[in-house]
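Visitor: Could you have a look at this structure, given as structure tokens, before my questions?
There are 2 protein chains.
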Amino acid sequence: MTTLMMGNDVAKAMKESLVQEVEALKAKGITPCLAVIRVGERPDDLAYERGAKKRMELVGIECRAIELPEDISQKELEEEIQKANDDTTIHGILMFSPLPETLNEEKVRSMIHPFKDVDGMNPVNAAKVFSGDPSGFAPCTPKAVLTMLDYYGIELEGKRVVVIGRSKVVGRPLAMLLLARNATVTICHTRTKELEKTCRQAEILVAAAGKARMVTKDMIGESAVVVDVGINVDADGNLCGDVDFEEAKQKASYISPVPKGVGSVTTSVLAEHVVRGAKYFHLCGCDSQQVLRIL
Amino acid sequence: MTTLMMGNDVAKAMKESLVQEVEALKAKGITPCLAVIRVGERPDDLAYERGAKKRMELVGIECRAIELPEDISQKELEEEIQKANDDTTIHGILMFSPLPETLNEEKVRSMIHPFKDVDGMNPVNAAKVFSGDPSGFAPCTPKAVLTMLDYYGIELEGKRVVVIGRSKVVGRPLAMLLLARNATVTICHTRTKELEKTCRQAEILVAAAGKARMVTKDMIGESAVVVDVGINVDADGNLCGDVDFEEAKQKASYISPVPKGVGSVTTSVLAEHVVRGAKYFHLCGCDSQQVLRIL
Numbered sequence: 005m006t007t008l009m010m011g012n013d014v015a016k017a018m019k020e021s022l023v024q025e026v027e028a029l030k031a032k033g034i035t036p037c038l039a040v041i042r043v044g045e046r047p048d049d050l051a052y053e054r055g056a057k058k059r060m061e062l063v064g065i066e067c068r069a070i071e072l073p074e075d076i077s078q079k080e081l082e083e084e085i086q087k088a089n090d091d092t093t094i095h096g097i098l099m100f101s102p103l104p105e106t107l108n109e110e111k112v113r114s115m116i117h118p119f120k121d122v123d124g125m126n127p128v129n130a131a132k133v134f135s136g137d138p139s140g141f142a143p144c145t146p147k148a149v150l151t152m153l154d155y156y157g158i159e160l161e162g163k164r165v166v167v168i169g170r171s172k173v174v175g176r177p178l179a180m181l182l183l184a185r186n187a188t189v190t191i192c193h194t195r196t197k198e199l200e201k202t203c204r205q206a207e208i209l210v211a212a213a214g215k216a217r218m219v220t221k222d223m224i225g226e227s228a229v230v231v232d233v234g235i236n237v238d239a240d241g242n243l244c245g246d247v248d249f250e251e252a253k254q255k256a257s258y259i260s261p262v263p264k265g266v267g268s269v270t271t272s273v274l275a276e277h278v279v280r281g282a283k284y285f286h287l288c289g290c291d292s293q294q295v296l297r298i299l
Numbered sequence: 005m006t007t008l009m010m011g012n013d014v015a016k017a018m019k020e021s022l023v024q025e026v027e028a029l030k031a032k033g034i035t036p037c038l039a040v041i042r043v044g045e046r047p048d049d050l051a052y053e054r055g056a057k058k059r060m061e062l063v064g065i066e067c068r069a070i071e072l073p074e075d076i077s078q079k080e081l082e083e084e085i086q087k088a089n090d091d092t093t094i095h096g097i098l099m100f101s102p103l104p105e106t107l108n109e110e111k112v113r114s115m116i117h118p119f120k121d122v123d124g125m126n127p128v129n130a131a132k133v134f135s136g137d138p139s140g141f142a143p144c145t146p147k148a149v150l151t152m153l154d155y156y157g158i159e160l161e162g163k164r165v166v167v168i169g170r171s172k173v174v175g176r177p178l179a180m181l182l183l184a185r186n187a188t189v190t191i192c193h194t195r196t197k198e199l200e201k202t203c204r205q206a207e208i209l210v211a212a213a214g215k216a217r218m219v220t221k222d223m224i225g226e227s228a229v230v231v232d233v234g235i236n237v238d239a240d241g242n243l244c245g246d247v248d249f250e251e252a253k254q255k256a257s258y259i260s261p262v263p264k265g266v267g268s269v270t271t272s273v274l275a276e277h278v279v280r281g282a283k284y285f286h287l288c289g290c291d292s293q294q295v296l297r298i299l
């Protein structure tokens, strides 16, 4: 029997506790608020923005779109970031990336206030995730993987977990989050030799390679848990993951589909981060030590 | 035939090129200089300081000791860091840690100028190491492991490497440096189940667990390369590594001893970082993009 890990079920469960947390904050006069900073009008960004906005509304979080022209200057963008940093009614800043090449993205990322940096773009948060400090914001997608595994009661402690992919936004931070949960983590990538064999030994296999259906059943151990983070478009124009779902579900004990899998959890994690941001700001005075106490 | 990987041989080879680089910088009027900031007088710190000073002298790098009392205030320590940051004749800052508990170490670490932070303490450098950006300074010990493997011509690309230990200073950054070199990296730790089996599959095994002689021959695959980063004192008061050397050398193709192994390379890496710091400062104007161009 294979259990499908459905993103909407996870999101629904998260919604309940988020609504309660938002209400508790509102009772204290704090309305959690996300600022979405978008430069230009890339279709992917617009789609994610719509999803994020809808999710924030569902749980009572305010969402402010800061729409900027594609030809914005570095100075003007920095001023916008500074304004959002200084605005005490904003608790989370989501900035879409990559920025147009004319802009210095590294500098802009490092400007986002670490305690408002709900998508983990600032090096301070990257360093915290790297070192296992839970007060840091991880990017939402790897966090969504953990949330999904937790929802389905999948134990991580001591488990052999293989992550395929080493991107800054998914593979690397996910490996660190898993390590912080005491998993034994192996990171595979395009240069890995004997990929099949290595993956087959995993009790939990996470595919974040960005390559359509590259995980075949030969790469999946008996009763392994398979999480698919890939979002690809196949030759027929259909959305598909990094896992060959039809093959894989014959062997996996748990498997997440694409679409309707991890992707559907991401905006709920974002909402959770905005709520955390609001708590950081109003209850901890943005002090890491205080933050660790409320976590 | 087992080859011993001797730290002094690696250090000797590094010395030659370091002397040349320092001379080239001096010809341009730049004398590379390391500032060593020590709070209190812990014997470990004093020993490392002596070694570092000697190594800097050997290659022509200036070394300035900034000795501070154990009861220094946060404000005074921050002023010392600021002074070293602002001093254009200082190119590298090594601060011993942990600091006394009365001090906010996180804040002090984040104050060290990222381009002078030759021991990789600032979150900006941690984030760079994490994301695979070569312009960042990694802590010296994990870098020394890579340097040793390179010296002995051990290929990393696609290799199965197992790192035992997940500390901020060794295990985690080492895993990221290995990943940047296209190794397939597994991170093991105290909660890992089937540690023996996992280690035995490694083509390269790095022990950084901090537990005397915990790596026995059952954990070593046939002809594996074994690097021992541990520095422990055994029950008889003798210095020993994390690897049971006598057992391990019967199976390993290459093995580093303790003492006289990786530890003897660390201060040479520190010297290399000071030289890099001098180049960053004088040739690149501390700009990440420029730095990437000269690397």
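Chains as they are written, first to last, in the numbering used here: chain A, 5 to 299; chain B, 5 to 299.
Beta carbons are placed, not taken as given, at the ideal position from N, Cα and C, and that holds for glycine.
If you're wondering where the values come from, they're calculated on a predicted model, not measured in any experiment.
Anything in the stretch 130-149 of chain B with a Cβ closer than 7 Å to a Cβ of chain A? List those residues in chain order, please.
Guide: 130, 131, 134 and 135
Visitor: Less than 8 Å between C-beta atoms, sequence neighbours within five positions excluded: which residues of the same chain meet that for residue 285(A)?
Guide: For the purposes of this step, residue 285(A) is taken as the residue at position 281 of the first sequence. Cβ within range, chain order: 92, 95, 119 and 120.
Visitor: Tell me which residues share the same chain as residue 190(A) and place their Cβ nearer than 6 Å to its Cβ, disregarding the 5 neighbours each side in the sequence.
Guide: Counting from 1 along the first sequence, the entry for residue 190(A) is found at position 186. Hits under 6 Å: 166.
Visitor: Measuring CA to CA, which of 87(B), 64(B), 117(B) and 18(B) is closest to residue 36(B)?
Guide: In the second sequence, residue 36(B) corresponds to position 32, counting from 1. Proximity to residue 36(B) across 87(B), 64(B), 117(B) and 18(B) peaks at 64(B), based on C-alpha coordinates.
Visitor: Do residue 129(A) and residue 140(A) count as a contact pair if the criterion is CB distance below 8 Å?
Guide: Translated into positions along the first sequence, residue 140(A) becomes position 136. Translated into positions along the first sequence, residue 129(A) becomes position 125. Yes, they are a contact pair.
Visitor: Sort 296(A), 293(A) and 283(A) by Cα distance to residue 27(A) and report the nearest one.
Guide: Mapped onto the first sequence, residue 27(A) falls at position 23. Nearest C-alpha to residue 27(A): 283(A).
Visitor: I'd like to check one pair, residue 22(B) with residue 276(B): are the Cβ atoms closer than 8 Å?
Guide: Position 272 of the second sequence holds residue 276(B). Position 18 of the second sequence holds residue 22(B). Yes, Cβ-Cβ distance for residue 276(B) and residue 22(B) is below 8 Å.
Visitor: Contact between the stretch 141-153 of chain A and the stretch 259-270 of chain A: three or more CB pairs below 8 Å?
Guide: yes
Visitor: Unbroken beta strand (DSSP E) runs of length 3 or more, entirely within the stretch 52-128 of chain B: which are they?
Guide: 66-72 and 96-99
Visitor: Can you list, in chain order, the residues of its chain with a C-beta nearer than 6 Å to that of residue 294(B)? Leave out the 5 residues immediately preceding and following it.
Guide: Translated into the one-based positions of the second sequence, residue 294(B) becomes position 290. Cβ within range, chain order: 288.
Visitor: Can you give me the C-alpha to C-alpha distance between residue 16(B) and residue 260(B), rounded to a whole angstrom?
Guide: One-based indexing of the second sequence puts residue 16(B) at position 12. One-based indexing of the second sequence puts residue 260(B) at position 256. Cα to Cα, the separation comes out at about 16 Å.
Visitor: Straight-line CA distance for residue 251(B) to residue 108(B)?
Guide: Indexing the second sequence from 1 puts residue 251(B) at position 247. Indexing the second sequence from 1 puts residue 108(B) at position 104. Whole-angstrom Cα-Cα distance: 43 Å.
Visitor: Starting from residue 209(B), follow the alpha helix (DSSP H) in both directions and report where the run begins and ends.
Guide: For the purposes of this step, residue 209(B) is identified with residue 205 of the second sequence, where counting begins at 1. Counting along the chain, residue 209(B) falls outside any alpha helix (DSSP H), though it belongs to the beta strand (DSSP E) covering 208-211.
Visitor: If you measure between the beta carbons of residue 84(A) and residue 72(A), is that distance less than 8 Å?
Guide: Walking along the first sequence from the start, residue 84(A) turns up at place 80. Walking along the first sequence from the start, residue 72(A) turns up at place 68. Inclusion of residue 84(A) and residue 72(A) in the CB contact set at 8 Å is warranted, their separation being smaller than that value.
Visitor: DSSP three-state label for residue 153(A), please.
Guide: Residue 153(A) sits at position 149 when you count from the first residue of the first sequence. Three-state result, residue 153(A): helix.
Visitor: Taking the alpha-carbon of residue 220(B) as reference, which of 8(B), 256(B), 178(B) and 176(B) has the nearest alpha-carbon?
Guide: Taking the first residue of the second sequence as 1, we reach residue 220(B) at position 216. Checking every option, the nearest Cα to that of residue 220(B) belongs to 256(B).
Visitor: Give the residues of chain A in contact with residue 229(B), contact being defined as C-beta atoms less than 8 Å apart.
Guide: What you label residue 229(B) is simply residue 225 of the second sequence in a count that begins at 1. Neighbours of residue 229(B) on chain A: none; closest Cβ ~16 Å, over 8 Å.
Visitor: Locate the alpha helix (DSSP H) running through residue 13(A), then write down its first and last residues.
Guide: As a position in the first sequence, residue 13(A) is number 9, starting the count at 1. Looking at the DSSP string, the run of the alpha helix (DSSP H) that includes residue 13(A) is 11-31.
Visitor: Pair every Cβ in the stretch 168-179 of chain B with every Cβ in the stretch 157-175 of chain A, then say whether three or more of these pairs are closer than 8 Å.
Guide: no
Visitor: For a test of the three-state rule: what should DSSP assign to residue 340(B), helix, strand or coil?
Guide: Any property of residue 340(B) remains undetermined from this structure, which presents chain B solely from 5 to 299.
Visitor: Relative to the alpha-carbon of residue 160(B), which residue among 185(B), 122(B), 13(B) and 280(B) has its alpha-carbon at the smallest distance?
Guide: Here residue 160(B) refers to the residue found at position 156 of the second sequence. Cα-wise, what sits closest to residue 160(B) is 185(B).
Visitor: Assign residue 190(A) to one of three DSSP states: helix, strand, or coil.
Guide: On the first sequence, residue 190(A) is found 186 positions in, with the first residue counted as 1. In the displayed model, residue 190(A) falls within a strand according to three-state DSSP.
Visitor: Consult DSSP for residue 39(A) and reduce its assignment to one of helix, strand or coil.
Guide: Translated into positions along the first sequence, residue 39(A) becomes position 35. Strand at residue 39(A).
Visitor: Here's the rule: buried if 16 or more other CB atoms are within 10 angstroms of the residue's CB, otherwise exposed. What is residue 245(B)?
Guide: For this step, residue 245(B) is matched to residue 241 along the second sequence. Looking at its Cβ environment, which holds 16 or more other Cβ atoms inside 10 Å, residue 245(B) is buried.
Visitor: In chain B, what lies closer than 9 Å to residue 102(A) by C-beta?
Guide: Here residue 102(A) refers to the residue found at position 98 when the first sequence is read from its first residue. Residues of chain B passing the Cβ test: none, with the nearest at roughly 14 Å.
Visitor: Taking the CB atoms as reference points, tell me whether residue 7(A) and residue 156(A) lie closer together than 8 Å.
Guide: Position 3 of the first sequence holds residue 7(A). Position 152 of the first sequence holds residue 156(A). Result yes, Cβ atoms of residue 7(A) and residue 156(A) sit closer than 8 Å.
Visitor: Work out the CA separation of residue 216(A) and residue 238(A) for me, nearest whole Å.
Guide: Within the first sequence, numbered from 1, the residue matching residue 238(A) stands at position 234. Within the first sequence, numbered from 1, the residue matching residue 216(A) stands at position 212. Their Cα atoms are separated by approximately 7 Å.
Visitor: In the stretch 276-295 of chain A, which residues sit with their C-beta less than 8 Å from some C-beta in chain B, listed in chain order?
Guide: 292
Visitor: What do you get for residue 297(B), buried or exposed, if any count of 16 or more other CB atoms within 10 angstroms of its CB means buried?
Guide: As a working note, residue 297(B) is residue 293 in the second sequence. That one is exposed.
Visitor: Mapping DSSP to helix, strand and coil, what is residue 273(A)?
Guide: The residue you call residue 273(A) lines up with position 269 of the first sequence. If DSSP states are grouped into helix, strand and coil, residue 273(A) belongs with the helices.
Visitor: Please compile the residues from chain B whose C-beta is within a distance smaller than 8 Å of the C-beta of residue 186(A).
Guide: To locate residue 186(A), count along the first sequence from 1; it is residue 182. The answer, in chain order, is 193 and 195.
Visitor: Can you list, in chain order, the residues of its chain whose CB lies under 8 Å from that of residue 207(A), leaving out five sequence neighbours each side?
Guide: Reading the first sequence from its first residue, position 203 is the one you call residue 207(A). Excluding residues within five positions, the ones whose Cβ falls inside 8 Å are 163, 164, 165, 225, 228 and 229.
Visitor: For residue 258(B), write down the residues that DSSP places opposite it in a beta bridge.
Guide: The residue you call residue 258(B) lines up with position 254 of the second sequence. Note: residue 258(B) sits in a beta bridge opposite 7(B) and 229(B).
Visitor: Would you report the Cα separation of residue 279(A) and residue 45(A), rounded to the nearest angstrom?
Guide: Counting from one through the first sequence, the residue named residue 279(A) turns up at place 275. Counting from one through the first sequence, the residue named residue 45(A) turns up at place 41. Rounded to whole angstroms, residue 279(A) to residue 45(A) spans 27 Å at the Cα level.
Visitor: Is the shortest distance between the beta-carbon of residue 106(B) and the beta-carbons of chain A less than 8 Å?
Guide: Position 102 of the second sequence, counting from 1, holds the residue named residue 106(B). So, not an interface residue.
Visitor: Looking at the unbroken alpha helix (DSSP H) that takes in residue 164(A), where does it start and where does it end?
Guide: Residue mapping note: residue 164(A) aligns to position 160 of the first sequence, counting from 1. First-last for residue 164(A): 164-168, but that is the beta strand (DSSP E), not the alpha helix (DSSP H).
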